[in-house]
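Structure first, commentary second.
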Amino acid sequence: MYTDILIPTDGSDNVEPAIQYGLELARRYDATVHALHVVDSSPIERKLELTALETDLETLPDTWYEAGDAATKQIETRAAEHGLDAVTEVRRGIPAREIRSYITDNEIDLVCMGTRGHTGLDRVLLGSVTTRLVRTVDIPVLSVKAKQALSEPGMRGGFETILVPTDGSKPAREAVTHALDLARTYDATLHALYVVDRGAYASRPGWTWDELQQVLEQNGETVLEDVQSRATADGVSVAAEITHGVPHQAIGDYCDQHGIDLVVMGTHGRSSLSRRIIGSVTERVLRNSDEPVLTIRGV
Numbered sequence: 026m027y028t029d030i031l032i033p034t035d036g037s038d039n040v041e042p043a044i045q046y047g048l049e050l051a052r053r054y055d056a057t058v059h060a061l062h063v064v065d066s067s068p069i070e071r072k073l074e075l076t077a078l079e080t081d082l083e084t085l086p087d088t089w090y091e092a093g094d095a096a097t098k099q100i101e102t103r104a105a106e107h108g109l110d111a112v113t114e115v116r117r118g119i120p121a122r123e124i125r126s127y128i129t130d131n132e133i134d135l136v137c138m139g140t141r142g143h144t145g146l147d148r149v150l151l152g153s154v155t156t157r158l159v160r161t162v163d164i165p166v167l168s169v170k171a172k173q174a175l176s177e178p179g180m181r182g183g184f185e186t187i188l189v190p191t192d193g194s195k196p197a198r199e200a201v202t203h204a205l206d207l208a209r210t211y212d213a214t215l216h217a218l219y220v221v222d223r224g225a226y227a228s229r230p231g232w233t234w235d236e237l238q239q240v241l242e243q244n245g246e247t248v249l250e251d252v253q254s255r256a257t258a259d260g261v262s263v264a265a266e267i268t269h270g271v272p273h274q275a276i277g278d279y280c281d282q283h284g285i286d287l288v289v290m291g292t293h294g295r296s297s298l299s300r301r302i303i304g305s306v307t308e309r310v311l312r313n314s315d316e317p318v319l320t321i322r323g324v
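In our numbering, the protein residues as written are 26 to 324.
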């Protein structure tokens with residue numbers, strides 16, 4: 026499923042867990058590793074826009090490029106130690122834009138990104154490179170927080186329990202496809218979860234809660250039966266459950282209760298103000314989850 030895996034790196038410790046997961050996935054899928062560093066020129070470009078000064082961006086300090094080259098070469102060396110092919114590149118520009126461009130230029134089919142946990146206003150406003158990519162690229166993005174690390178020797182870790190929350194939508198069905206392939210590759214147990222959203226009652230005037238709950242539960246049963254059928258056909262062990270509550274909280278609780286190693290979720294593309302305000306279930310899970318989250322964007 027994955028043949029070219031991109032690991033963007035800024036050379037910091039925060040990206041280390043993403044490197045480990047990226048190398049492990051590349052090993053399992055015999056994929057080519059792509060290591061990319063973007064020399065971030067956005068602060069300078071914004072300053073030039075404000076001051077209307079003319080400056081040659083080629084005069085950015087050589088040490089910035091040297092640091093990027095060192096960071097990507099380190100990933101190349103580690104990939105070679107595990108028999109993996111690797112490609113390295115250093116670019117200059119705005120990170121999210123350059124990463125998207127690299128994805129297109131090199132036909133990347135999975136990105137492994139390091140991300141920091143956020144608090145306060147940062148948890149409401151989507152501003153990081155990772156969350157920008159989650160919302161805008163049409164390939165899966167694995168988001169790994171700084172504290173989520175594998176023990177690298179031999180890289181024989183991986184995933185034993187994979188959760189795919191699903192509502193039956195097109196992005197969710199695509200997420201199930203990826204989750205099934207990962208579960209088969211890792212010989213992991215797939216957990217399929219449908220959350221009866223209590224908040225849905227407010228958007229259905231004229232319904233009683235009992236009526237709406239019954240409809241939602243019936244839909245959940247249909248959706249989960251489809252996942253179970255696909256898992257059985259693929260020889261994947263599966264557990265399915267319907268629960269009630271606020272979706273992102275119910276997903277977090279399920280992860281804690283069942284020791285989930287990876288969450289795979291579909292996400293919808295957004296525009297205008299809704300691309301700045303975190304509102305979707307997927308993005309709430311992304312910023313709160315203690316587990317790596319693989320997002321599959323619906324297009």
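Think of the CB as a built atom: it goes at the ideal place given N, C-alpha and C, for glycine as much as any other residue.
Check: Beta-ladder partner(s) of Pro33, from DSSP; Outcome: Leu61
Check: Tyr27, DSSP secondary structure in three states; Outcome: coil
Check: Under the three-state DSSP convention, the category Asp222 falls into; Outcome: strand
Check: Whole-number beta carbon distance between Gly291 and Ser194, since they are thought to touch under 8 Å; Outcome: 7 Å
Check: According to DSSP, residues forming a beta bridge with Pro42; Outcome: BP columns for Pro42 are empty, so no partner.
Check: First through last residue of the alpha helix (DSSP H) which encompasses Gly245; Outcome: Trp234 to Asp259
Check: Anticipated Cβ contact below 8 Å, Arg309 with His269, distance rounded; Outcome: That belief does not hold up - the Cβ atoms of Arg309 and His269 are roughly 17 Å apart, past 8 Å.
Check: Three-way DSSP call (helix, strand, coil) for Ile276 in this model; Outcome: helix
Check: Neighbour-count burial assignment, Thr257, 16 or more Cβ in a 10 Å radius; Outcome: exposed
Check: Asp212 versus Ala171, Glu185 and Glu101, residue with shortest Cα-Cα distance; Outcome: Glu185
Check: Contact belief for Ile32 with Val58 at Cβ below 8 Å, rounded distance in angstroms; Outcome: 6 Å
Check: CA-to-CA distance, His107 to Thr191, given in whole angstroms; Outcome: 35 Å
Check: Run of the beta strand (DSSP E) containing Leu167, from where it starts to where it stops; Outcome: Val166 to Lys170
Check: Helix, strand or coil at Gly152 [DSSP, three-state]; Outcome: Model confidence at Gly152 stands at a pLDDT of 44, short of 50, so the residue's coordinates are unreliable; what they give is reported in the following sentence. Residue state, collapsed to three classes: coil.
Check: Three-state secondary structure (DSSP) of Thr144; Outcome: Any reading at Thr144 must be qualified, since the residue scores a pLDDT of 43, below 50, and its modelled position is unreliable; no value is offered.
Check: Cβ pair Tyr90, Val112 closer than 8 Å; Outcome: no
Check: DSSP-derived helix/strand/coil call for Thr191; Outcome: coil
Check: For Thr210 and Arg53, believed in contact at Cβ under 8 Å, the rounded distance; Outcome: 5 Å
Check: Below-8 Å beta-carbon distance, His283 vs any chain B residue; Outcome: No chain B appears in this structure, which consists of one protein chain only.
Check: Spatial distance of Glu199 from Asp87 (CA atoms); Outcome: 43 Å
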